[in-house]
Amino acid sequence: SARIEIAGVSKSYDGATRAVDAIDMTIEPGEFFSLLGPSGCGKTTTLRMIAGFEMPSEGIIRVGGADITRVPAHKRDMGMVFQNYALFPHRTVRENVAFGLRMRGLARAAIAKKVDEALAMVALTGFEDRMPGQLSGGQQQRVALARAIVIEPRVLLCDEPLGALDKKLRQSMQFELKQLQKKLGVTLVFVTHDQEEALAMSDRIAVLSRGKIEQVGTPVEIYDRP
Ligand code: ADP
Ligand code: ADP
2 SARIEIAGVS KSYDGATRAV DAIDMTIEPG EFFSLLGPSG CGKTTTLRMI AGFEMPSEGI
62 IRVGGADITR VPAHKRDMGM VFQNYALFPH RTVRENVAFG LRMRGLARAA IAKKVDEALA
122 MVALTGFEDR MPGQLSGGQQ QRVALARAIV IEPRVLLCDE PLGALDKKLR QSMQFELKQL
182 QKKLGVTLVF VTHDQEEALA MSDRIAVLSR GKIEQVGTPV EIYDRP
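Each residue of the sequence shown is one higher than the one before, counting from 2 in UniProt numbering.
See the structure below:
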């Protein structure tokens with residue numbers, strides 16, 4: 002698991018308005034860290050810059066000490082989970098989870114073992130040969146999670162991963178995700194607009210507003226803010 006250092010980072014898509022405006026923060030190794038704020042405040046942009054998908058217009062993001070824009074994509078070692086799952090619809094659960102390992106050129110037997118382990122961790126043993134369309138939303142998101150963790154990432158980036166689930170399922174998935182993160186010890190950055198969710202899950206939270214950080218703190222500190 003890796004430290005993420007964000008220093009003086011701004012992002013402007015059109016050269017004028019800043020989607021992200023001069024943010025500074027450090028996310029510690031193994032921390033469950035949430036980016037919280039309303040739609041349009043810059044959460045996804047920040048996450049995409051940490052992933053190396055977007056270049057900051059200003060400033061630098063270091064992951065494990067290295068400027069992420071200079072790390073080749075296949076060496077970034079990050080897992081990503083999205084609200085819409087983003088599974089390959091015409092591939093089985095097993096193939097979806099194996100995808101990142103195939104890309105890395107692992108041997109067939111090693112892939113099979115790691116896929117089995119990842120599916121066991123998200124309680125989906127026995128679902129290997131299903132297609133995503135044959136699974137519930139919660140199950141699909143657990144496949145997406147298995148696909149993200151199977152590469153043993155240094156960082157797990159989650160963009161509203163529970164946003165499509167109904168309230169009851171959402172609460173049990175919050176618990177599962179938090180348990181899994183602590184077990185793996187992976188640094189996790191979690192995007193949400195739901196304060197209750199951020200308070201329930203996070204070690205620390207950054208509250209964003211119009212591209213700026215309003216406050217960073219533990220759930221207790223954020224909840225008690227004036
Ligand atoms: P959030 O994730 O908090 O909803 P985003 O990071 O998606 O916020 O968006 C922040 C701002 O940047 C918004 O005003 C949005 O319209 C703008 N924005 C996001 N992506 C793009 C893009 N690819 N091109 C232009 N503007 C964008
Ligand atoms: P295929 O069309 O070969 O059966 P799938 O339908 O399983 O592939 O995959 C869904 C889509 O995801 C395809 O358009 C495929 O090209 C695309 N895809 C494959 N690998 C990646 C990847 N690493 N990142 C994003 N999209 C990918």
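Each residue gets a CB set at the ideal place from its N, CA and C atoms; glycine is no exception.
All figures in this text were calculated on a predicted structure; none of them were measured in a lab.
Check: Under three-state DSSP, which class holds Phe100?
Finding: In the displayed model, Phe100 falls within a helix according to three-state DSSP.
Cβ of Gly43 versus every heavy atom of ligand 3: is any distance shorter than 6 Å?
-> The ligand content of the structure shown is limited to ligand 1 and ligand 2, which means ligand 3 is not among them.
C-alpha gap between Leu185 and Asp130, whole angstroms:
Taking C-alpha positions only, Leu185 is separated from Asp130 by approximately 26 Å.
- prompt: Comparing the CB of Thr188 with every heavy atom of ligand 1, is any distance shorter than 6 Å?
  reply: Because no heavy atom of ligand 1 lies under 6 Å away, the Cβ of Thr188 does not count as near it: no.
- Message: Check for me: the alpha helix (DSSP H) holding Ile138 runs from which residue to which?
- Response: What sits at residue 138 in the sequence shown is Gly, not Ile. Annotation for Gly138: the continuous alpha helix (DSSP H) segment containing it runs Gly138 to Ile150.
For Ser13, three-class secondary structure by DSSP | Note: Ser13 maps to strand in three-state DSSP.
Residue of Arg63, Gly212 and Phe33 minimising C-alpha distance to Ala199 = Closest by alpha carbon: Phe33.
Check: Hey, how far is the Cα of Ser13 from the Cα of Gly212?
Finding: Ser13 and Gly212: Cα-Cα distance of roughly 10 Å.
Next on the checklist: Can you tell me where the alpha helix (DSSP H) holding Ala207 begins and where it ends?
Outcome noted: Per DSSP, Ala207 belongs to no alpha helix (DSSP H); it is in the beta strand (DSSP E), Arg205 to Ser210.
ask   = Are the Cβ atoms of Asn97 and Val151 separated by less than 7 Å?
value = Cβ atoms of Asn97 and Val151: not closer than 7 Å.
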